[in-house]
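When the letters of the sequence shown are read in order and numbered with my numbering, they come out as residues 2 to 589.
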Amino acid sequence: MNGTLNKESLLSQKIEVEEFDASLAYDVDERPPWFVTITTAFQHTFLCVGAVLAIVTVLSDVVCADLNDPVRSILFSSSILVIGLSTAIQSYFGLRLPVFQGASSSFMVPLIALQSSDTWKCPSAFKESNMTNLTTTNISNSLTTNIVYDRLAELQGSLIAASMFEVVIGLTGLIGLLMKFISPITIGVTLFCLGYSLYPVVIFLCKAHWGISFIGCGITVLFSVYMSHIKITIPNCKRKSEKKSKPYPVFQVFPVLFTLIIMWVVCAVCTKLNVFSNDPEDVSFKARTDVRSKVIQDTPWILIPYPGQFGTPKFNTAIFLGFLIAVITSVIESVGDYIATARVCHAYPVPRHALNRGIAIEGIFSVISGTLGTGHATTSYSTTVSLGLTKIGSRIVLVISGIIAVILAIIGKFGAVMTSVPDPVLGGITFAMMGVLCSLGLSALQNVELRSSRNLSVIGISLYFAVVLSEWQRQFPDSLKTDSDQLNQIVKVTLGNAMFVGFIVSLIMDNTVKGTDRERGILKEDALSVENKQMLLQDNHEIPRSRLFDLPCVSRLQKSCKPLRHVPFLQPYIESYDVTDNGSNQYA
């Protein structure tokens with residue numbers, strides 16, 4: 002099981018890595034100065050805020066949490082805590098490359114599908130309590146106890162069960178077997194359907210004030226696309242450089258953060274001037290910045306999330322199936338990000354043991370995420386653009402970034418403030434993000450022979466199945482009913498999930514309709530990549546650069562314990578790289 006992944010090309014197409022200067026100011030195993038480390042770490046941490054806010058908002062509404070319910074800030078803090086821990090552990094003990102872990106957007110799809118189920122519709126009392134804004138009433142307290150916590154408990158158990166699948170395929174090395182059946186066609190269809198499936202989220206967030214949302218979306222596009230080439234001079238990070246400053250494309254790196262701040266201020270001014278209605282029944286009410294002000298007041302300064310904080314986990318078959326497909330999609334995204342990051346860090350191809358270990362770590366923290374009730378798993382976020390721009394490939398920066406996220410998670414007021422972002426502001430940012438997500442699906446088809454009628458049929462039929470079935474379930478939720486409520490829920494969550502339908506149909510057709518590997522976009526490893534021949538110089542000894550992925554001290558254990566040499570998530574034992582003359586691990 003220990004070797005290089007045979008079909009990295011399948012997933013490396015997910016992200017188009019720009020051509021950057023080949024040199025890194027700080028390599029993977031180097032440590033930058035403390036001020037460089039801290040500032041770069043903060044940058045990575047805040048890049049995940051937008052996605053976490055979107056998922057927490059959707060999750061809170063699915064479980065019928067009141068607008069001022071402290072559960073919202075608890076969910077945000079719990080998500081940030083898991084993300085921070087996962088990032089630190091993944092970067093140092095998992096993949097051992099500078100990859101940031103974030104909330105997986107694919108889990109919003111089954112959550113949205115749940116809302117079409119009769120058993121998951123919010124009762125009228127919930128709507129009334131949201132309108133009157135009375136969170137201290139008995140009705141609101143009863144809702145929080147009997148509905149919100151019960152639903153979060155069901156999500157907990159289902160997420161834990163689904164995440165165990167990711168743990169198993171990582172620890173056993175089955176990810177390689179799984180990827181033999183998943184071609185760029187299946188990846189492209191699945192990612193496109195993921196972005197498409199989230200359009201109800203965008204509409205829900207934007208409907209409070211489409212003007213604010215369009216402006217926010219426009220600013221995001223302006224910064225990330227039109228102004229991406231504009232650079233601002235900041236202190237230089239490179240060592241031994243005569244220059245004390247260098248231009249930096251801040252708009253390309255921080256478009257979401259800048260948009261969030263600008264539009265939040267705009268909404269605050271409009272709220273102060275009463276531009277938005279203060280009537281809870283008015284649609285523009287959620288554009289105000291004081292809608293969730295009570296959450297900030299009620300949330301303590303120190304908030305430590307803990308397993309089982311919403312009760313004992315429960316299991317729901319329908320939710321489990323939806324989450325299972327989300328987990329598979331998350332794995333596909335993560336492997337693509339691993340490969341893209343390895344290219345930027347000049348450590349490509351990724352050894353299979355590192356890939357297995359990275360997926361296993363994500364699965365373990367997804368299980369932990371389930372115990373905290375966050376309703377989503379962790380997945381790798383692409384840091385390739387940021388790494389290529391900053392030239393800082395040090396893994397220690399991502400470890401510090403994870404620690405910063407953990408500290409912010411414990412500060413309860415921070416989570417409360419972030420959950421008070423007006424819906425249309427978040428909607429505008431999500432608008433742009435989901436558009437990019439759809440384009441990632443299309444970019445996965447770049448090596449597929451699109452002149453082939455075979456491929457066009459597989460792609461077209463898969464996409465059309467996904468759109469038609471999901472829309473049918475959305476518009477006519479009661480058209481297919483059985484005598485079993487559980488079976489009805491399973492049908493709605495699966496057939497109403499465009500990502501699930503697209504994945505299954507494309508997977509079956511692509512593996513049963515005759516076609517060559519080249520036609521399907523599966524290129525041989527030697528045709529797409531060349532083994533990295535760079536060497537690392539350590540203690541006057543040259544060792545392969547692939548040893549960057551190896552865990553410290555493991556080779557010494559493998560020397561004395563031979564069974565460890567065959568563990569799928571540990572590096573292969575090579576006697577020549579065992580220990581140095583002074584007994585230290587040569588490549589740790």
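Yeah, the Cβ is synthetic: ideal placement off N, Cα and C, and Gly gets one too.
Kindly indicate which residue of LEU112, PRO281, GLN102 has the alpha-carbon position closest to the one of PRO201. LEU112
Give me the DSSP bridge partner(s) of SER381. GLN102
Tell me, to the nearest whole angstrom, how far the beta carbon of PRO185 is from that of ASN448; I am working on the premise that it is less than 8 Å. 6 Å
For the alpha helix (DSSP H) containing ARG353, name the first residue and the last one. 353-373
Could you please give me the residues that DSSP links to TYR27 through a beta bridge? ILE393
Using the beta-carbon count (16 or more within 10 Å), is GLY174 buried or exposed? buried
Three or more C-beta pairs closer than 8 Å, one from the segment 350-361 and one from the segment 313-324: is that the case here? no
Using three-state DSSP, classify ILE303 as helix, strand or coil. strand
If you follow the alpha helix (DSSP H) that SER159 is in, where does it begin and where does it stop? 150-173
From what residue to what residue does the alpha helix (DSSP H) around THR318 run? 318-345
Start and end of the alpha helix (DSSP H) containing GLY428? 424-444
How is ILE220 classed by DSSP in three states: helix, strand or coil? helix
Under three-state DSSP, which class holds PRO111? helix
Counting only C-beta atoms, is VAL149 closer than 8 Å to chain D at any point? Note that chain D does not occur in the displayed structure, where there is just one protein chain.
Through-space distance from VAL568 to GLU472, alpha-carbon basis: 45 Å
The alpha helix (DSSP H) enclosing VAL190, as first and last residue numbers: 185-198
Out of THR88, ASP28, THR38, LEU373, which one is the CA nearest neighbour of ALA406? THR88
If we call anything under 8 Å between Cβ atoms a contact, is SER198 one with VAL332? no
Taking SER421 as the reference, give the member of TRP265, GLY371, SER561, ILE401 with the closest Cα. TRP265
ILE1 (DSSP reduced to helix, strand or coil): This structure cannot settle anything about residue 1, because the visible part of the chain is limited to 2 through 589.
Under the three-state DSSP convention, the category ILE231 falls into: coil
At least 3 beta-carbon pairs within less than 8 Å: the segment 474-490 vs the segment 209-224: no
Just the Cα atoms here: how many angstroms apart are ASP291 and PRO71? 15 Å
As a quick exercise: from LEU304, SER285, THR379, ARG289, pick the residue whose alpha carbon is nearest that of ILE329. THR379
Is ILE401 near the ligand ADP, going by C-beta to nearest heavy atom under 7 Å? Questions concerning the ligand ADP fall outside what the structure shown contains, since it holds no ligand whatsoever.
In three-state DSSP terms, what is LEU60? helix
Quick check: what's the CA-CA separation for SER1 versus ALA499? Residue 1 lies beyond the residue range present for the chain, which begins at 2 and ends at 589; the question has no answer from this structure.
To the nearest angstrom, report how far apart LEU451 and LEU457 are at their CA atoms. 6 Å
Contact check, LYS208 vs VAL284 under 8 Å by CB: the rounded distance? 6 Å
Classification of GLN559 by the beta-carbon crowding that lies within 10 angstroms, buried from 16 upward: buried
Quick check on the DSSP output: the alpha helix (DSSP H) that includes ASP511 runs from which residue to which? 499-513
Restricting to Cα atoms, I'd like to know which of MET419, SER453, VAL494 is closest to LYS515. SER453
Within 10 angstroms of the Cβ of PRO306, are there 16 or more other Cβ atoms? Answer buried if so, exposed if not. buried
Reduced DSSP secondary structure (H/G/I, E/B, other) of PRO201: helix
Cα-Cα separation, GLN572 to THR260: 43 Å
Checking 8 Å against the spacing of the C-beta atoms, do ARG396 and GLY171 come in under that value? no
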